[in-house]
Each structure stands twice: as structure tokens, then as C-alpha cells.
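Using numbering that gives the first Met the number 0, read the sequence shown as starting at 0 and increasing by one per residue. Here's the structure, in C-alpha cells; my notes come after.
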Amino acid sequence: MQEGQDWIYSDIVKDHFLNPRNYLMGDESNFDYDVSGIVGNPICGDQMKMFLKIDPKTDKITDLRWKTYGCASAIASTSALSELAKGKTLDEALSITAEDIDDYLGKLPKHKFHCSILGHDALREAINKYRSTS
Ligand code: FES
0 MQEGQDWIYS DIVKDHFLNP RNYLMGDESN FDYDVSGIVG NPICGDQMKM FLKIDPKTDK
60 ITDLRWKTYG CASAIASTSA LSELAKGKTL DEALSITAED IDDYLGKLPK HKFHCSILGH
120 DALREAINKY RSTS
């Protein structure tokens, strides 16, 4: 890798940042969800909220939305995560790693890798909440 290349976002990252998938537009009441999870990133203070619609018969995430105060990398990472997690069982969704998201996006700049954890933590929070109440 050439010097300075680690500052460059891949075309996939840029696409997901500029056209985020499953982003919750407007108020939370615009989406019919079963559970939500909210987390903050202790490194930068940004926040992420994830909303899940779950089929109790199959344990699958049938739909999801998210919103954040996070940066471009957090937005792109959570957009990618939302595509990876939709249609998966809760256990399958929990097994998605930050490395999976990084690979899906064609790699984030190394110093932005921590941003990819934010969406995943919100997903985990929502699933844990769902399991503790159902
Ligand atoms: S700098 Fe906060 S999530 Fe990226």
C-alpha cells in the first residue's frame, strides 16, 4: 500500500455512505419494529440505534432500520451490516463480525475500523433485549 492510501475510502464504502441501505428516514414511528437497541462508541462518542422486525416462528430478522449520529464510516458499515443481517436468524446475525463488514466494504481505512463496530453493537443490544423479553 502506498503512503497515504490508508486515507482513501473504497468505492463500495462511498456508495454505502451516499446511499445508505435500510436507513430510517424521519421518525421512529415510520417503521413497525419489534425491538430496538441503542449504543454509543466510547472512542468518539457517536451513537447508533437499530430497529428490528423479527419473525418469532423462524427467529429471522425480516426487516430492520437504523439511524446514527456517526461518521461516514459508521454509516457505510451499518448500511453493509443491514444488508448482511436482513433475512438471517438472530444467531446468524450475531455471528457477523466487524471483519465481515470490513471485507464486504472492500476495507475501511485502518483508523476508521472502530466505526464498523457501532452498528454491530446496536444489533447485538437489540437482539439481547428481544431475547430477554420474549
Ligand atoms: S468516528 Fe465515531 S463512529 Fe466513526
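Glycine included, each C-beta is placed from N, C-alpha and C at the ideal position. In this text the structure is predicted, and so the values were computed from the model without any measurement.
Assigned secondary structure, residue i (DSSP; H/G/I helix, E/B strand, else coil)
i	result
Tyr22	strand
Lys106	coil
Ile95	coil
Ile116	helix
Residue burial classification, residue i (beta-carbon count within 10 angstroms, cutoff 16)
i	result
Gly69	buried
Thr77	buried
Glu66	The identity of residue 66 in the sequence shown is Lys, whereas the question assumes Glu. Under this definition Lys66 is a buried residue.
Ser19	First, the residue type needs correcting, since residue 19 is Pro and not Ser in the sequence shown. Looking at its Cβ environment, which holds 16 or more other Cβ atoms inside 10 Å, Pro19 is buried.
CA-to-CA distance, residue j to residue i, given in whole angstroms
i	j	result
Phe16	Lys52	23 Å
Tyr103	Ala84	12 Å
Gly105	Thr96	14 Å
Top-ranked residue by Cα proximity to residue i, from the options
i	options	result
Tyr8	His110, Asp33 and Leu89	His110
Would you mind listing the beta strand (DSSP E) stretches within the segment 11-92 that are 3+ residues and don't spill past its ends, in chain order?
34-39, 46-54 and 59-67
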